[in-house]
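Using the working numbering, the letters of the sequence shown correspond one by one to residues 1 to 336.
Yeah, the Cβ is synthetic: ideal placement off N, Cα and C, and Gly gets one too.
Okay, so here's the structure we're looking at.
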Amino acid sequence: MLKKAGLIASAAIMLVTAANADKISGAGATFPVPLYYEWAYDYEKLTGVEVNYQSIGSGGGIKQISFRTVDFGASDKPLKPRQLNRKKLYQFPAVIGSIVVVYNIPGIADMQLQLENKDLAEIFLGKITFWDDKKIAEDNPGVKLPHKKIVVVHRSDGSGTTFNFTYFLSGVSEAWANSVGTGKAVDWPVGIGGKGNEGVSNLVKQTPYSIGYVEYAYKLQNHFTAAAIQTKSGKWVQPTEENFKAAAAHAKWGPKNHFYQVLALQPGDNSYPIVAGTFILLPREKSETNKKVTAFFDWAFRNGDETAKKLGYIPLPASTKEKIQSYWKMHGIAPK
1 MLKKAGLIAS AAIMLVTAAN ADKISGAGAT FPVPLYYEWA YDYEKLTGVE
51 VNYQSIGSGG GIKQISFRTV DFGASDKPLK PRQLNRKKLY QFPAVIGSIV
101 VVYNIPGIAD MQLQLENKDL AEIFLGKITF WDDKKIAEDN PGVKLPHKKI
151 VVVHRSDGSG TTFNFTYFLS GVSEAWANSV GTGKAVDWPV GIGGKGNEGV
201 SNLVKQTPYS IGYVEYAYKL QNHFTAAAIQ TKSGKWVQPT EENFKAAAAH
251 AKWGPKNHFY QVLALQPGDN SYPIVAGTFI LLPREKSETN KKVTAFFDWA
301 FRNGDETAKK LGYIPLPAST KEKIQSYWKM HGIAPK
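Spelled out as structure tokens, the structure:
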């Protein structure tokens with residue numbers, strides 16, 4: 001009887017092990033969710049390996065991988081080398097995206113509205129409160145701006161999208177930098193909060209005369225209208241894929257500092273100012289599990305660029321992918 005029970009227990013362990021071998025769990029940033037879901041679907045069809053990704057925000061992803069409750073974390077806010085060392089994590093970028101300023105103003109078309117960077121900061125500070133404010137009107141001759149109160153929509157959760165957006169605002173507005181600053185979560189002076197890019201998208205869609213910030217893929221999915229803003233040097237720039245690529249071309253990622261670089265506010269007349277990488281975080285002690293995760297991203301790097309482009313993301317350059325693959329080998333986590 002004991003022998004039979006032991007065999008049953010052994011069989012159960014083998015089944016659990018086999019099931020786990022066919023699954024990878026991840027959690028974090030909402031920024032890359034449309035892409036990760038499509039990559040995961042295609043990868044499972046091809047390999048039978050299920051990639052289960054929870055869209056909980058970058059803050060949640062960093063927390064879960066720090067506690068080792070998932071196989072990989074995902075964050076649009078890159079961690080500095082000292083943070084990675086403290087948490088015993090590896091880090092590499094997966095794809096590049098862009099954060100756009102979306103608005104719901106009846107009668108104003110996509111990219112018809114122009115917002116100076118400083119005025120955008122003043123809107124999110126609650127200092128510009130009506131759409132027909134003189135400062136906005138001066139930059140939009142011929143646009144019929146309504147005398148309606150601006151409804152600011154922001155993230156309510158810890159968010160890499162928020163980190164990159166507030167990093168940009170801090171770079172263009174001294175008032176913002178001194179009063180609110182940069183972070184995954186900040187004390188918003190005004191507005192209503194939505195959880196994830198999904199939550200912000202839903203609130204903007206449902207709220208006339210609102211303004212918010214989302215990853216470009218969510219603009220495409222929801223058919224939002226988005227504002228032209230300004231480059232680092234003050235030239236008007238529209239939120240188009242060509243202008244995103246112009247900014248992304250300045251990425252100088254490398255393995256020595258675990259690919260740490262914030263891409264917002266890059267130089268160039270056509271460089272859209274709120275471009276961001278999204279990053280994968282791996283526990284340093286789990287080399288075998290990490291190989292399953294890197295196998296998925298290696299497949300995505302080789303086969304997923306067209307899907308990324310279709311959804312409005314910018315695939316990593318071949319040279320960056322090669323650096324990442326060398327990084328994996330250096331740390332013993334390259335796919336088998």
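Residue i burial status per 10 Å Cβ neighbour count (16 or more: buried)
{"i": "Ser98", "result": "buried"}
{"i": "Ser40", "result": "Correcting the residue type first, residue 40 is Ala in the shown sequence and not Ser. So Ala40 ends up on the buried side."}
{"i": "Gln206", "result": "exposed"}
{"i": "Trp141", "result": "A small correction: the amino acid at residue 141 is Pro; Trp does not occupy that position in the sequence shown. Answer is exposed; the Cβ neighbour count stays below 16."}
{"i": "Lys348", "result": "This structure cannot speak to residue 348, because the chain is shown only from 1 to 336."}
{"i": "Phe168", "result": "buried"}
{"i": "Ser287", "result": "exposed"}
{"i": "Ala318", "result": "exposed"}
{"i": "Phe67", "result": "exposed"}
{"i": "Glu122", "result": "buried"}
{"i": "Gly199", "result": "buried"}
Beta-carbon gap between residue i and residue j smaller than 9 Å
{"i": "Leu46", "j": "His258", "result": "no"}
{"i": "Val70", "j": "Gln54", "result": "yes"}
{"i": "Phe72", "j": "Leu263", "result": "no"}
{"i": "Phe124", "j": "His154", "result": "yes"}
{"i": "Asp157", "j": "Gly193", "result": "yes"}
{"i": "Ala228", "j": "Leu145", "result": "no"}
{"i": "Pro315", "j": "Lys323", "result": "no"}
{"i": "Val172", "j": "Lys118", "result": "yes"}
{"i": "Asn303", "j": "Asp42", "result": "yes"}
{"i": "Val337", "j": "Val152", "result": "No answer is possible for residue 337: the residues shown for the chain start at 1 and end at 336."}
{"i": "Phe297", "j": "Ala94", "result": "yes"}
Cβ-based neighbour list, residue i, same chain, cut-off 6 Å, excluding 5 preceding and 5 following
{"i": "Phe301", "result": "Lys321"}
{"i": "Ala247", "result": "Gln266, Ser271, Tyr272 and Val275"}
{"i": "Glu38", "result": "Thr307"}
Same chain, Cβ closer than 8 Å to residue i, five either side skipped, listed in chain order
{"i": "Lys336", "result": "Lys291 and Ala295"}
{"i": "Thr225", "result": "Val102, Tyr103, Asn104, Ile105, Ile108, Ala109, Asp110, Met111, Gln112 and Leu113"}
{"i": "Ala276", "result": "Phe31, Asp76, Ile96, Gly97, Ser98, Ile99, Gly160, Thr161, Asn164, Val262, Leu263 and Ala264"}
{"i": "Leu79", "result": "Ile62, Lys87, Leu89, Gln91, His258, Tyr260, Phe279 and Leu281"}
Spatial neighbours of residue i in its chain, beta-carbon cut-off 7 Å, leaving aside the 5 residues before and after
{"i": "Lys149", "result": "Thr129, Phe130 and Tyr209"}
{"i": "Gly312", "result": "Tyr216, Ala217, Leu220 and Glu241"}
{"i": "Asp305", "result": "Pro315"}
{"i": "Ser201", "result": "Val214, Tyr218 and Asn222"}
{"i": "Ser170", "result": "Trp176, Ala177, Gly181 and Thr182"}
{"i": "Gly196", "result": "Thr30, Ser55, Gly57 and Asp157"}
Cβ-heavy atom distance, residue i to the ligand NAP, below 8 Å
{"i": "Lys336", "result": "By its list of ligands, the structure shown contains no ligand whatsoever, and the ligand NAP lies outside what it can speak to."}
Quick check: the region 222-239 against the region 97-113, are at least 3 beta-carbon pairs closer than 8 Å?
The answer is yes - the region 222-239 touches the region 97-113, with three or more Cβ pairs under 8 Å.
Runs of beta strand (DSSP E) lying entirely within the region 46-124, each at least 3 residues, in chain order: If only complete runs of 3 or more residues are kept, the region 46-124 shows the beta strand (DSSP E) at 50-55, 72-75 and 89-104, in order along the chain.
**OP:** Go through the region 266-335 residue by residue and report every complete run of the beta strand (DSSP E) that reaches 3 residues or more, in order.
**Re:** Segments of the beta strand (DSSP E) lying fully in the region 266-335: 275-283.
Please give the ranges of any alpha helix (DSSP H) in the region 172-211, keeping only runs that are unbroken, at least 4 residues long and fully inside the region. Secondary structure in the region 172-211: the alpha helix (DSSP H) runs of 4 residues or longer, each lying completely within the stretch, are 174-179 and 196-206 in chain order.
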